[in-house]
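Position 117 of the sequence shown, counting from 1, maps to 671 under the working numbering, and the rest follow consecutively.
Even for Gly, the Cβ is constructed at its ideal location relative to N, Cα and C.
Working notes, structure below.
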Amino acid sequence: MKLKFKIATTVLVFLYIIVSSVSASDLDLSLFKTKKVNESLYVMTQDYGDASINFAAVVGEHSVVLITTMMKEFSPHVEGLIKKVTDKPIRHVISIDGDYYQYYGSRYFVERGATFIAHKNLIPNVFENRILVDKPYRLDVGTEKLWVIPTKAHTTDHVMVKLENSNVIFAGDALSFDWIVYSGPNGPDEHIAALDLILAQGDEETIYYPGNWTAEEFGNKADMGELMATYGLFVEKVKSLHKSGLKPTKIAESQDIHNLLKPLNDYQRLSPYTIHFVKDVLGIVDES
Ligand SMILES: [Zn+2]
Numbered sequence: 555m556k557l558k559f560k561i562a563t564t565v566l567v568f569l570y571i572i573v574s575s576v577s578a579s580d581l582d583l584s585l586f587k588t589k590k591v592n593e594s595l596y597v598m599t600q601d602y603g604d605a606s607i608n609f610a611a612v613v614g615e616h617s618v619v620l621i622t623t624m625m626k627e628f629s630p631h632v633e634g635l636i637k638k639v640t641d642k643p644i645r646h647v648i649s650i651d652g653d654y655y656q657y658y659g660s661r662y663f664v665e666r667g668a669t670f671i672a673h674k675n676l677i678p679n680v681f682e683n684r685i686l687v688d689k690p691y692r693l694d695v696g697t698e699k700l701w702v703i704p705t706k707a708h709t710t711d712h713v714m715v716k717l718e719n720s721n722v723i724f725a726g727d728a729l730s731f732d733w734i735v736y737s738g739p740n741g742p743d744e745h746i747a748a749l750d751l752i753l754a755q756g757d758e759e760t761i762y763y764p765g766n767w768t769a770e771e772f773g774n775k776a777d778m779g780e781l782m783a784t785y786g787l788f789v790e791k792v793k794s795l796h797k798s799g800l801k802p803t804k805i806a807e808s809q810d811i812h813n814l815l816k817p818l819n820d821y822q823r824l825s826p827y828t829i830h831f832v833k834d835v836l837g838i839v840d841e842s
C-alpha cells in the first residue's frame, strides 16, 4: 500500500512537472510581435484580426513597467513575451484607459506583485497596490522617466504615457494614423483639446503610438498634424451639415464627408461605420 502510494505520488508529481512545463512552453505567441526600440523599450503588438494593438514593456534598472495589459486571457502570453527579453520582474502596469484591452489583464499582474497605475475615474477591478491619478504622475525606473498624464480624450479615464528618455508617447485610442478617432463621452471639442496637449508634450523627434492600427504603427509630429486637421474638419463638417437640417444617416452618406475620409489608410474597411463617428460628434449614444 505504502509503496503504491509512493509510486502514485511520484507519477503525479512527474505528470505535474510535464503538464506545467508543457503549458509554459506551449503558449502560442504567433499573434504577437516584439520590437526593440532601444536598450530599455520594447514595443509589442498583438494581431487582432483586421487590426493590431500596441503595448509596451519598459525595462528599468530593477524591474519592468508594462504599458497596456491587454485582454485577461492573454496575460500569460504577455508575461511570456516579457520573459523573453528580461528576467526582471513586472513591478508596474499602466492602463491608458478602461477599454478591455487596456485594462482587463491588470489583476493578473497585480496578483503577481505589480502596482497598478491608472486614471482615478477608472472603475477598478484592482483594489490593492494601485495608484489612481488625476494629475501628472512621474515614475522613475532608472533607465527611463515615465509621465502618466490625464487627458479628456476618448474616455473619461484616459491618460497618455510619456517616456522622457526614449522620447516616445503612448496615447491609446486618443490617436489613430489610419482613420479618425472616437471622442467618447467628453465630446469632440475636449478630444481636440487633448490632441493639442498630447502634441505639446512632444517635440520634432517624438514618436507617438496609437492603440489600434492597420498600416501606421506609429506617427510623428507631421502625422499628428494630419490627424488633427482631418478630425477637426470632420467635426466641423458634421456639425454644419447637422445645423443645416441633415439627419445623421444623410451626413454619413454625404460626398463632402467621404471626400475628406477617402485619403485615410483604413477608408475601405471603416467607411461603412462612418455613421457611428457622425453620431459620436453629435453626442448621440448608439443603442446596443
Ligand atoms: Zn477605445
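State the DSSP-derived secondary structure class of Arg666, mapped to helix, strand or coil. coil
Considering only residues of the same chain and omitting the five flanking positions on each side of Pro742, which have a CB-CB separation below 7 Å? Val789, Val835
Distance, Met625 Cα to Trp733 Cα: 23 Å
Determine the burial state of Pro764: buried for a count of at least 16 other Cβ atoms within 10 Å of its Cβ, exposed for fewer. buried
Might you give, ordered along the chain, the residues of its own chain that have their beta carbon closer than 8 Å to the beta carbon of Met598, omitting 5 neighbours on each side? The answer, listed in chain order, is Phe586, Lys587, Thr588, Lys589, Asn608, Phe609, Ala610, Ala611, Val632, Leu635.
Other residues of its chain near Pro739: CB distance less than 8 Å, five sequence neighbours each side excluded: Correct list, in chain order: Thr709, Thr710.
Within its chain, find whatever has a CB closer than 8 Å to the CB of Thr640; leave out the 5 residues flanking it on each side and keep chain order. Ala611, Val613, Val618
Would you say Lys702 and Ile671 are within 8 Å of each other, going by their C-beta atoms? Correcting the residue identity first, residue 702 is Val in this sequence and not Lys. It is a contact, given that the beta carbons lie within the stated cut-off.
What are the boundary residues of the alpha helix (DSSP H) that includes Ile636? 629-639
Would you report the Cα separation of Asn819 and Gly837, rounded to the nearest angstrom? 26 Å
Check whether the Cβ of His708 lies closer than 7 Å to any heavy atom of ligand 1, and answer yes or no. yes
Assign Gly603 to one of two classes, buried (16 or more other C-beta atoms within 10 Å of its C-beta) or exposed (fewer than that). Gly603 is exposed by the Cβ-count criterion.
Please classify Tyr570: does DSSP put it in a helix, a strand, or coil? Bear in mind that the predicted position of Tyr570 carries a pLDDT of just 47, short of 50, making it unreliable; the figure below should be weighed with that in mind. Tyr570 falls in the helix class under three-state DSSP.
In terms of residues, what are the limits of the alpha helix (DSSP H) holding Lys791? Per DSSP, Lys791 belongs to the alpha helix (DSSP H) from 775-797.
Say whether the stretch 659-678 touches the stretch 786-806, bearing in mind that this needs 3 or more beta-carbon pairs closer than 8 Å, one atom from each stretch. no
Please go through the same chain and pick out, in chain order, the residues whose beta-carbon is closer than 8 Å to the beta-carbon of His812, but skip the five residues on each side of it. Ser825, Thr828
Sort Phe831, Ser649, Ser584, Glu758 by Cα distance to Leu815 and report the nearest one. Phe831
Pick out the complete alpha helix (DSSP H) segments inside the stretch 728-754, 4 residues or longer, and give them in chain order. 741-754
Status (buried if at least 16 other CB within 10 Å, exposed otherwise) for Pro704: buried
Per DSSP, what kind of secondary structure is Ser825 in: helix, strand or coil? Correct three-state label for Ser825: helix.
With DSSP run on the structure shown, which of helix, strand or coil describes His646? strand
Under a three-way DSSP split, which group does Ala712 fall into? Here residue 712 is His; the residue named in the question, Ala, does not match the sequence. The answer is coil: DSSP assigns His712 none of H, G, I, E or B.
So, for His796: in the same chain, excluding its five sequence neighbours on each side, which residues have a beta-carbon less than 7 Å away from its beta-carbon? Ile805, Leu836
Pro704, enclosing beta strand (DSSP E) - first and last residue: 699-704
Can you tell me the Cα-Cα spacing of Ser594 and His745, whole angstroms? 31 Å
Going by CA-CA distance only, name the one from Gln600, Gly773, Glu759, Ser649 that's closest to Leu583. Gln600
Verify the contact flag: Asp711, CB atom, against every heavy atom of ligand 1, threshold strictly below 7 Å. no
Just checking, does the stretch 773-780 make contact with the stretch 749-763 on the three C-beta pairs under 8 Å criterion? yes
Spatial distance of Glu615 from Ala725 (CA atoms): 24 Å
Can you tell me whether DSSP reads Asn675 as helix, strand or coil? coil
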